[in-house]
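Visitor: Have a look at this one before I ask anything.
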Ligand code: FES
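In the numbering used here, the protein residues as written are 16 to 133.
Listed below in structure tokens is the structure:
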């Protein structure tokens, strides 16, 4: 067995269901938890609502020209694709894969070791 197994949760019925702020970040609900959806070059990325550094509200941050999300509090930068702290402070932004399907937009939650899909 290889790769990650995800449990997919619908977070929106479609693009029109997500209200993006001028910073291209929308809020969504993932399994009862508030998360951010970032839009960059027509792609969607899901990441944590709060910054792993000191809890800055990522939804109030911004997306830079390379597709990193910048925390508004101390301006640490994170790749929306893999959560890497590209400005080098050693943190990691929790993020989730997104799938846009015909019947809605889904975010995948890592099912680590719970063999519940079998
Ligand atoms: S709280 Fe986000 S960079 Fe400090």
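For each residue, glycine too, the CB sits at the ideal point set by N, CA and C. Nothing here was measured: the structure is a model prediction, and the numbers come from that model.
When burial is assigned at 16 or more other CB atoms within 10 Å of the CB, is residue 18 buried or exposed?
Guide: The residue in question, residue 18, is exposed, as its Cβ has fewer than 16 Cβ neighbours within 10 Å.
Visitor: Is the region 97–115 close to the region 66–78, with three or more CB pairs under 8 Å?
Guide: Touching, per the Cβ criterion.
Visitor: If you draw a straight line from the C-alpha of residue 73 to the C-alpha of residue 20, how long is it?
Guide: When rounded, the distance between both Cα atoms is 26 Å.
Visitor: Out of 80, 119, 53, 86, state which residue places its alpha-carbon closest to the alpha-carbon of residue 107.
Guide: Nearest of 80, 119, 53, 86 to residue 107, Cα basis: 86.
Visitor: Just to confirm, does residue 116 get its C-beta within under 7 Å of one of the non-hydrogen atoms of the ligand FES?
Guide: The answer is no for residue 116.
Visitor: Let me check understanding here. Comparing Cα to Cα, which of 31, 42, 39, 46 lies closest to residue 25?
Guide: Out of 31, 42, 39, 46, 46 has the C-alpha closest to the C-alpha of residue 25.
Visitor: What is the rounded straight-line gap between the Cα of residue 42 and the Cα of residue 63?
Guide: Spanning the two alpha carbons is a distance of roughly 10 Å.
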